[in-house]
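Structure first, commentary second.
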Amino acid sequence: MTRAERREQLIRVARELFGARGYDAVSIEEIASAAEVSKPVIYEHFGGKEGLYQVIVDRELTTLTDMLAAQMRPELPPRAMLEGIVLSLLDYIEDSADGFRLLSHQSPSAVTSGTFSTVIADVAEQVADLLAPLLERQGLDPKTAPIYGQLLAGAIGRIGQWWADDRLLSKEETAAHVTNLVWFGLRAMERNPHLVTLGRDGGAPASEG
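Counted from 1, the sequence shown has number 197 at position 198 by numbering that gives the first Met the number 0; the numbering is strictly sequential.
Structure, rendered in C-alpha cells:
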C-alpha cells in the first residue's frame, strides 16, 4: 500500500468510527486496530487523533458546502433554489451518513474548521442576501431578510437532522413538503406583521381576520 493509499484508508476507517460514536468515544488505539496498523503510523500521517479528525471534518464541510452552494445562485428561480438546497442536504445525508453524523456531533475544541451548525449559519447568510430583493419585490422590508434567512436555514437544518434519523418520507416528498410550507408562507406574508397577543405593545389584541 502506498503512502497516499494508507492515508486514505486511515481517513475512511476513522470517518466511520467517528461518525458512529463521536470523537471522544473513539481512541487512537481503536482506529489503529481497525486499520490494522500501529499507532505510530497514525501519528506519522496526522500528528494524532485530533489531526486526523480535523482532516475528516474539513473534507465533509467542503463536500456539503459545495453541494449547497451549487444551489444558491442568483440566476435560479427562488422556488427552484429552495428545492435544490433541501434536496442537496438530503442527498448528502443519504450518500454520506457517517460524515453527516460526524458533523452533527460535538467537535473537540482543538478542531477549528466548524460543524454542521457552521454550515447552516453560512447558508442563512447567503439565503438572506438572495431573499432581500425577493422581499422588496413583494413590498416587504428587505432589512428583515436576515430574520427569514435564519428561519429558513434553521428549518432546513432541522429537517435534515430529523430525516437522518427517521426517514418517514422519501427525499423528494420531504423536499416537496418543506418547499410547500416555506414557499407559500413567503408569498402570503403580511407587509406589516404585528403581534395579536394582549399586552405586548400596550394595546388591544389585533383582529386575526
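We treat Cβ as the ideally placed atom computed from N, Cα and C, and that holds for glycine. Only a predicted model underlies this, so the values are computations on that prediction, with no experimental measurement involved.
If you draw a straight line from the alpha carbon of residue 142 to that of residue 23, how long is it in whole angstroms? Computed Cα separation, rounded: 42 Å.
Looking only at its own chain, which residues have a Cβ that is under 6 Å from the Cβ of residue 91, when we skip the five neighbours before and after it? So the qualifying residues of the chain are 63 and 66.
If I'm right that residue 123 touches residue 134 with Cβ under 8 Å, what's the distance once you round it to whole angstroms? Actually they are not in contact, since the Cβ atoms of residue 123 and residue 134 sit about 15 Å apart, beyond 8 Å.
Could you give the DSSP three-state label for residue 132: helix, strand or coil? It is helical.
With 16 as the cutoff for other CB atoms within 10 Å, does residue 162 come out buried or exposed? Buried, because 16 or more other Cβ atoms sit within 10 Å of the Cβ of residue 162.
DSSP three-state assignment for residue 35, whether helix, strand or coil: Coil, per DSSP.
Chain-order list of residues whose beta-carbon lies under 7 Å from that of residue 81 (same chain, five-residue window excluded): Close CB contacts of residue 81 within its chain, under the 7 Å cut and outside five residues either way in sequence, are with 178, 181 and 182 (chain order).
Straight-line CA distance for residue 73 to residue 129? Put simply, the backbone Cα of residue 73 is about 7 Å away from that of residue 129.
Reducing DSSP to helix, strand and coil, say where residue 140 ends up. DSSP places residue 140 outside both helix and strand once states are collapsed to three, so it counts as coil.
With distances taken Cα to Cα, identify the nearest neighbour of residue 169 among 154, 138, 146 and 93. Of 154, 138, 146 and 93, the residue nearest in Cα terms is 93.
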